[in-house]
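J.: Can you keep this structure in mind? I'll have questions shortly.
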Amino acid sequence: MNTLRRDFLKTSAAAGAALIANPYEALAKNIPPDYRGGQMKFSFRPFTIEMKHVFTVAEMSRSTTPVVLTEIEYNGTVGYGEASMPPYLGESHDSATKFLSQVDLGKYESPFALEKILTDIDAIAPANPAAKASVDIALHDLVGKLLNQPWFRLWGFDKEKAPMTSFTIGIDKADVVRQKVKEAAAYKILKVKLGKDNDKEMIETVRSLTDVPLTADANQGWKDRNYALEMTHYLKEQGVKFIEQPMAKDRYDDHAWLTERSPIPVLADESFQRIGDLKRISTCYSGVVIKLMKSTGMREAHKMLVLAKSLGMKVLIGCMTETSCAVSAASHLSPMVDWADLDGNLLIKNDVFDGMRVVDGRCVIPDRPGIGVVKA
Ligand code: MG
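Just so it is clear: in the sequence shown, position 99 is 141 by our numbering, and no numbers are missing.
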């Protein structure tokens with residue numbers, strides 16, 4: 043390690059408080075002098091992840107998920123990123139390729155100006171949140187590696203506070219559900235997908251095998267708010283901690299009505315995409331589901347988390363089916379959340395990274411710098 047870098051690391055420790063207040067501003071103001079030269083090189087490749095089980099949510103079933111794996115290389119250090127694009131969300135290998143072909147990181151003096159770089163990336167085109175996240179995650183990984191620090195520490199979080207993660211049980215016939223619950227014996231919380239015509243059967247089947255706390259996600263599947271209210275009372279009796287996105291994402295008034303009456307928290311997932319949605323959401327729901335593939339990555343997810351908590355809202359950190367790359371990136375935010383649903387990497391057969399682990403049901407954030415992943 044050269045002297046400049048050593049001095050920088052000393053000063054950066056002293057700047058810890060500033061980092062917690064606004065980590066990105068502090069990083070941009072404290073660019074180590076030896077990181078002002080060099081040029082970032084960005085590359086990406088489409089990849090298809092294969093799921094262990096056919097996965098069913100209220101609207102559809104599938105067994106693969108298209109992702110794009112990204113890399114940003116700078117003076118010999120490489121940051122990894124990922125876009126996961128479940129087809130129903132509208133992004134694809136084609137749309138991500140088109141978007142990422144327009145990303146030019148070579149024009150920036152230093153990777154440390156994350157706020158500036160990521161604001162520019164966001165402005166390339168509307169939408170494309172997962173493609174944007176794949177750049178954001180790789181840049182965070184790179185900067186963390188250059189500083190030799192994991193992101194939970196740069197954000198000032200205590201990794202020991204990382205919560206349990208739930209394991210998701212998709213909608214299926216009772217015998218398949220029973221099989222999945224048996225396979226999930228290591229998890230201390232199970233998330234049950236609802237929203238078709240067998241809601242109570244799903245819960246009863248899971249409950250016939252386990253007493254662990256449950257969470258539930260209707261994925262907009264419920265049509266009638268009175269049915270939704272009746273279900274929240276039933277779910278409460280069954281030991282379900284919250285319900286995610288009961289009705290269609292644009293039914294704000296119905297969700298406000300339900301939130302006022304429900305005995306369990308009502309969380310916005312599909313209704314909550316970008317940070318600008320938070321003001322409206324905060325009047326209709328008790329909490330939000332943050333996912334890096336909606337928020338355009340770690341930078342906006344961190345802002346969402348801080349803002350949502352300051353509004354007194356509950357926060358769940360979730361994920362798509364994705365490799366350990368994106369899941370590990372999300373895990374760095376987990377010490378601040380109420381609940382985590384970071385099982386996306388556990389549902390797939392061909393993970394290409396090693397990173398966040400689940401030990402005794404709890405998220406263990408890697409201590410390695412950046413997002414903490416290595417190629418598997
Ligand atoms: Mg959800």
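C-beta atoms are modelled at their ideal positions from N, C-alpha and C, and glycine is treated no differently.
Find the nearest neighbour of residue 199 within the set 340, 211, 378 and 248, judged by alpha-carbon distance.
T.: 378
J.: Along the alpha helix (DSSP H) that carries residue 326, what are the first and last residues, could you check?
T.: Run containing residue 326: none; DSSP gives neither H nor E here.
J.: With hydrogens ignored, establish whether the beta-carbon of residue 311 is closer than 6 Å to any heavy atom of ligand 1.
T.: Flag set: Cβ of residue 311 near ligand 1.
J.: Residue 209 bridges to which residues according to DSSP?
T.: 232
J.: Does the beta carbon of residue 286 fall short of 6 Å from some heavy atom of ligand 1?
T.: Ligand 1 approaches residue 286 closely enough that one of its heavy atoms is under 6 Å from the residue's Cβ.
J.: Assuming residue 203 is part of the beta strand (DSSP E), what are its boundary residues?
T.: For residue 203, no beta strand (DSSP E) encloses it, and the DSSP letter there is neither H nor E.
J.: Using CA atoms only, rank isn't needed, just tell me which of 128, 356, 399 and 391 is closest to residue 372.
T.: 399
J.: Taking C-alpha atoms, which residue in 304, 374, 227 and 139 lies nearest to residue 195?
T.: Of all alpha-carbon atoms in 304, 374, 227 and 139, the one lying nearest the alpha-carbon of residue 195 is that of 374.
J.: Can you list, in chain order, the residues of its chain whose CB lies under 7 Å from that of residue 244, leaving out five sequence neighbours each side?
T.: 213, 219, 234 and 236
J.: Using the beta-carbon count (16 or more within 10 Å), is residue 227 buried or exposed?
T.: The residue in question, residue 227, is exposed, as its Cβ has fewer than 16 Cβ neighbours within 10 Å.
J.: Who are the Cβ neighbours of residue 324 in its own chain at under 7 Å, not counting the five residues just before and after it?
T.: 353 and 355
J.: I'd like the list of long-range same chain contacts for residue 145, defined as Cβ closer than 8 Å, with 5 residues on each side in sequence excluded.
T.: 84, 163, 166 and 177
J.: Please determine, among 118, 387, 403 and 253, the residue with the shortest C-alpha to C-alpha distance to residue 397.
T.: When the alpha-carbon of residue 397 is set against those of 118, 387, 403 and 253, the nearest one is in 387.
J.: Looking at residue 70: is its Cβ nearer than 7 Å to the Cβ of residue 338?
T.: Result no, Cβ atoms of residue 70 and residue 338 do not sit closer than 7 Å.
J.: What residue from 329, 277, 359 and 294 has the CA that sits closest to residue 336's CA?
T.: Cα-wise, what sits closest to residue 336 is 359.
J.: Would you report the Cα separation of residue 271 and residue 115, rounded to the nearest angstrom?
T.: 51 Å
J.: If I measure Cβ to Cβ from residue 350 and keep anything under 7 Å in the same chain, skipping five residues before and after, which residues do I get?
T.: 320, 330 and 357
J.: At which residues does the beta strand (DSSP E) containing residue 123 begin and terminate?
T.: For residue 123, the enclosing beta strand (DSSP E) covers residues 119-126.
J.: Would you mind working out which of 267, 231 and 407 sits nearest residue 252, comparing C-alpha positions?
T.: 231
J.: Of all the options 169, 404, 279 and 257, which has the alpha carbon lying nearest to the alpha carbon of residue 288?
T.: 257
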